Amino acid sequence: MAAGVAIAPAKAGAQDLPYLSYYGTPGLVDMPSATPLADGTLAFAVAQSGPTLLNTLTFQITPRLSGSFRYAVIDKFDAPDNRYDRSFDISYLLMHETDWRPAVTFGMRDFGGTGLYGSEYIVATKSFGPQIKATAGLGWGRLSGRGGFDNPLGKIDSYFKTRPPAAAGGIATTGQLDTDNWLRGDIAPFGGIEWMPTPRSRFVLEYSSDTAPAESRRGLVDQKSPWNVGMTYRVRPGFDLGLSYRYGSDLGVFASYQMLPMQPAFSSGLEKAPPNILPRETVAARSWNRNNNSQAQNRSIANTAPDGTDADQALSLEQAVTQALAAVDLDLIDMQVTGGTLRLWLVNETYRSEAQAVGRAARVLANTAPPHIEVFEITPTRRGMDLSVIRLNRRDLEDLEQSLEANWQIQARSQIMESPLTPRPEATRPEFTYRLGPYFSPALFDPDNPVRADFGVQLGASYAVTPGLILSGLIRQPLLGNRDSATRPSNSVLPRVRSDAARYDVESTVEMSYLTAEYFYRPAPQIYGRFSAGYLEPMFAGLSSELLWKPVNRNFALGIEANYAVQRDFDQRFGLQDYDVWTGHASAYLDLGGGYRGQIDAGRYLAGDWGATFSLDRTFANGVSIGGFFTLTDVSFDDFGEGSFDKGIRIHIPLSWVSGQATQTGFGTLIRPVNRDGGARLNVRNRLHPLVEAGHAQSLRQSWGRFWR
Amino acid sequence: MRARLLARGAAFILCLALIGCGTTAGERAIYDQVLRRNATPQPAAQFTALNQRGAEAIVISVEARDMATLFVRQSARDSAVHWISPDLIGVTTQQGFVTSTRGLGADLMSAETTPSAKLVLARRAGRAERHHGYLDGNEQIEIRSFICDISRRGPRQVDLGARNVATELMQESCINPSFQFENLYWVATETGEIIQSRQWISEALGPLALRKIIR
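Quick look at the structure:
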């Protein structure tokens, strides 16, 4: 009975996942509809039609709000060159569909960027039974190309009557919001009918108000009709393939995938069963011959516990706990018994949920501690820092293990407290770990070749002298790939702190990604600290120091970080360049509830510019996280260059989400439309907030469902 | 010997290519999952020790996957009996009713089955409430409740290999607004214990079949 049964995304409701348009948002062929994606959905769509390839990533940020990032490639648009166009969309569900009224959504396509697809729309969609849906909408901008009429907003203010040409400011203003255009100019109707004869197929007839003016003018598109027909086949829930006949002239092909972060492959995981709590008398009997002093060692009699584990043959309590913790893949750092209380310091490098680690450790203690001990105080630690104290009554564990509402009850009867600053003997077993594995490292959006990537092998090793003092390094050898073929030189007028990234690929062979010494400590209650020194990241070496104030039961934190950074040689070995800079930030972190986390970092960036980064991430309790950020600094939009300011999207998916195994590793990716020198931050590893926060109340409670797992 | 070396080499390369090798338990588990999917896994020492000692055993199969595994009795406390498989999947029963599973991917985290058990074990028809706790995809516990009708399906002989046992077959038909399922229990007429059963666990897993082993 090896692997369990996967919960395919085909759970209740998965068949109702909406179909996407060629623009990667819910819709018909080209036109949007009002149906939102399921909350939290991450959707990826690729569509090719005529000269245009659209790649769109859409995230349903809240049940009503969604955002998209699109990378379009239009063949010969800037003849003889292709046009590579990045755009962002946003849409908001104004009202849900009910029996008698349609869903209504307002959206904006390409609201920044060059405005090639710049348009706004309001659209209504209504179902008629499970098989038919009708959509009708009104569009501005590119969506008002056909059958347009006067903008009714023009009656309020003549400002709305005419729309300036898209991207009037030219390429220089890309990346800035095109607020000058929004909701201005003529509006035009669009709409269509969807027919879903089976749960896996859809046919669409659409009337499009998009005349593709820029493409038509260049002779790339020749629309003969406003009508489009399309069909989509749902290969499996979430994965669709489509074909369409468009504008009487083109054939289009389409593929999309919708990932539902709240539906991992194995919701309860495949890791082996936790220990079950034994009767207290059994535990007592097993501890009779436990070695409480060294002389007892010779008197031990082997016996075997009723659960099949060999009973503690003259082991000390600490040895017995260490062994039992190792059996559930946890490490003991230290242990103390005072009266009826057992304190345990724990390292969890296995379970993504710290609550699960605590739950297993609690059962280990219940099965090993002498019978007079009634209270367990478990401290999760990371890199030598005590993060919190979780106090559990042994009697509660025994009483609740088989209870229907065990999870909620044990949460209610436990306490999460600040970990005191009392010094304890530092465990002195140094620990060596390594990891040899593949890596995949894409470099996106270079106009010469929008998708470059390296695939290679990497070796990482770390040596923890004490839990808080760690020497570590990573080297990489690309085996396959074309990242070193980039030839486009940086045209930046700022110090080239990031825009030379390609030279690091071109001029290196074996790459030393980092080689550092790190020290983690707790200087005062609620305060955590870090020093890092060495080759901090692929492009910079230096010193970094950080302090974080994070009360255990609060949803906010403050931090400061100061760094001295020197640019590394392009060959990514030990050499340094002339450029050096003092950089650092003051940071504020706020957990907004519901998994939404905001962060502001204000300070000085690598190019010496001053400003702030604003981030918002949605983190699911199962570890999937999707977010975005932007940085505004005193570098002018002109000096920044293409894109006007730094921004990006980041996605993290834990391996456990995919494999069901207990592991803390995962896949992360950062999508930056343009990587330039303004607003560039030093990429120090192991910033404190994520480390510390993992053992604090908010995170523990978020994944408390795994306590008994 | 050479084949074995080759297999090891291939495994190493595959391991590198897919997930990498490392020192953490999770990485080893994934390595096992990827590479030993079809191999006969080495039973855990804990299982072997209990099995050799002749601990009480049951055969449990996941019906949807047509696969049966021996579980041995690991421990018991109050009315709960804990069973483990060679790969340390855990199942807990109370009076023969499955009240939790661990390691099946779509586990039953907790259950309240006492009212049903009372009727089934007394071999009486009637109506009972049943509650299940699940871990949803976002780490939240979800409690689902069912109304169950318990009925008598008549006497059955069950062949346990070593001997035939006279039982009465009891049926438990449960329903809530989203699901319905049927559980079957063969209750020994003489001892009043459940010697064989078919019990629904979760939507993704479907039913488990459990059968006592006579050693």
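Line order of the protein sequences matches chains A and B. Position 59, counted from 1, in the first sequence is what this note's numbering calls 59; the numbers after and before it change by one each time, with no gaps. Position 33, counted from 1, in the second sequence is what this note's numbering calls 33; the numbers after and before it change by one each time, with no gaps. Glycine included, each C-beta is placed from N, C-alpha and C at the ideal position. Source: prediction; values computed, not measured.
Which residues in chain B sit within 7 angstroms of residue i, going by Cβ to Cβ distance?
i        : result
Leu278/A : Ser75, Arg77
Gly359/A : Near Gly359/A there are no residues of chain B at all, since even the closest Cβ is about 12 angstroms away, more than 7 angstroms.
Ser267/A : Ala106, Leu135, Asp136, Gly137
Report the neighbours of residue i on chain B: residues whose CB is nearer than 8 angstroms to its CB, in chain order.
i        : result
Arg709/A : Arg102, Asp107, Met109, Leu135
Pro264/A : Gly137
Just to make sure I have the definition right: I need the residues of chain B whose C-beta is within less than 9 angstroms of the C-beta of residue i. Which are they?
i        : result
Pro237/A : Chain B residues near Pro237/A: none, gap ~13 angstroms exceeds 9 angstroms.
Ser353/A : Glu139
Gln131/A : The premise fails here: Gln131/A is roughly 23 angstroms from chain B at the closest Cβ pair, so nothing lies under 9 angstroms.
Using the Cα positions of residue i and residue j, report the straight-line distance between them to the nearest angstrom.
i        : j        : result
Asp312/A : Val389/A : Annotation note: pLDDT 46 at Asp312/A (below 50); position unreliable, coordinate value reported separately. Computed Cα separation, rounded: 27 angstroms.
Ala265/A : Arg236/A : 14 angstroms
Lys11/A  : Val62/B  : Confidence in Lys11/A is poor, its pLDDT being 43 and thus under 50, which makes the residue's placement unreliable; the coordinate value appears in the next sentence. Using only the alpha carbons, I get a separation of about 19 angstroms.
Leu20/A  : Arg218/A : 28 angstroms
Gln263/A : Ala461/A : 34 angstroms
Ser216/A : Phe160/A : 26 angstroms
Pro275/A : Val72/B  : 14 angstroms
Glu271/A : Ala412/A : 26 angstroms
Ala612/A : Tyr23/A  : 32 angstroms
Leu578/A : Phe540/A : Here residue 578/A is Asp; the residue named in the question, Leu, does not match the sequence. Cα to Cα, Asp578/A sits roughly 11 angstroms from Phe540/A.
Lys76/A  : Leu116/A : 15 angstroms
Ser656/A : Leu342/A : 31 angstroms
Ser225/A : Gly643/A : 35 angstroms
Leu108/B : His132/B : 7 angstroms
Asn138/B : Thr48/B  : 35 angstroms
Asn293/A : Ser287/A : With a pLDDT of 46 at Asn293/A, under the threshold of 50, the modelled position of this residue cannot be trusted; read the value that follows with caution. In a straight line, the C-alpha of Asn293/A is about 13 angstroms away from that of Ser287/A.
Ala557/A : Phe614/A : 15 angstroms
Asp78/B  : Leu404/A : 15 angstroms
Arg70/A  : Asp638/A : 23 angstroms
Glu190/B : Thr167/B : 8 angstroms
Pro9/A   : Leu260/A : Only weak support is given to the placement of Pro9/A: the predicted model assigns it a pLDDT of 36, under 50, and the question is left unresolved by the model.
Arg86/A  : Leu93/A  : 24 angstroms
Trp195/A : Ile187/A : 27 angstroms
Asp399/A : Ala80/B  : 12 angstroms
Gly719/A : Ile214/B : Lying before the first or after the last residue shown, residue 719/A is absent from chain A, which here runs from 1 to 709.
Ala361/A : Gly103/B : 18 angstroms
Mind listing the chain A neighbours of residue i? Cutoff is C-beta to C-beta under 8 angstroms, in chain order.
i        : result
Ala122/B : Going along chain A, no residue has its Cβ under 8 angstroms from Ala122/B, so there is no contact; the nearest lies around 22 angstroms.
Leu88/B  : Lys272, Ala273
Gln140/B : Ala621, Gly705
Ile84/B  : Ala273
Under 8 angstroms, Cβ to Cβ, is there at least one residue of chain E near residue i?
i        : result
Glu271/A : No chain E appears in this structure, whose protein chains are A and B.
Please compile the residues from chain A whose C-beta is within a distance smaller than 9 angstroms of the C-beta of residue i.
i       : result
Ala80/B : Asn276, Glu401, Gln402
Going by the DSSP bridge assignment, what does residue i pair with across the sheet?
i        : result
Trp186/B : Leu169/B, Gln196/B
Asn491/A : Note: Asn491/A sits in no beta bridge, so no partner.
Met539/A : Per DSSP, none; premise fails for Met539/A.
Tyr245/A : Val229/A, Leu251/A
Asn55/A  : Val46/A, Tyr71/A
Gly161/B : Gly161/B is not bridged to any residue.
Phe637/A : DSSP lists no partner for Phe637/A.
His585/A : Glu561/A, Gly603/A
Lys133/A : Ser127/A, Glu194/A
Asp240/A : Arg234/A, Ser256/A
Ile141/B : Leu135/B
Strictly below 7 angstroms CB to CB, what residues from chain A border residue i?
i        : result
Thr99/B  : Gln402
Glu63/B  : Chain A residues near Glu63/B: none, gap ~11 angstroms exceeds 7 angstroms.
Phe112/B : Per the sequence shown, the amino acid found at residue 112/B is Glu instead of Phe. Under the 7 angstroms cutoff, chain A gives Leu404.
Closer than 9 angstroms between beta carbons: that is the criterion. Which residues of the region 395 to 422 of chain A meet it against chain B?
Glu398, Glu401, Gln402, Ser403, Leu404, Glu405, Ala406, Asn407, Trp408
What are the start and end residues of each continuous alpha helix (DSSP H) run of 4 or more residues lying completely inside the region 608 to 634 of chain A, in chain order?
none
Complete runs of the alpha helix (DSSP H) confined to the region 51 to 134 of chain B [at least 4 residues]
114 to 122
Residues in the region 653 to 674 of chain A with C-beta within 8 angstroms of chain B's C-beta atoms, listed in sequence order?
Leu655, Ser656, Ser659, Gly660, Gln661, Ala662, Thr663, Gln664, Thr665
Which runs of the beta strand (DSSP E) spanning at least 3 residues fall entirely within the region 644 to 693 of chain A, listed in chain order?
646 to 654, 666 to 671
Determine which residues of the region 164 to 175 of chain B have a Cβ less than 7 angstroms from any Cβ of chain A, and write them out in chain order.
none
Quick one, which residues of the region 143 to 162 of chain B are near chain A if we go by CB-CB under 8 angstroms, in chain order?
Ile143
Sequence ranges, beta strand (DSSP E) only - wholly within the region 511 to 579 of chain A, length at least 3
511 to 524, 527 to 535, 540 to 549, 556 to 568
Positions along the region 683 to 702 of chain A whose CB lies within less than 8 angstroms of some CB in chain B:
Gln702
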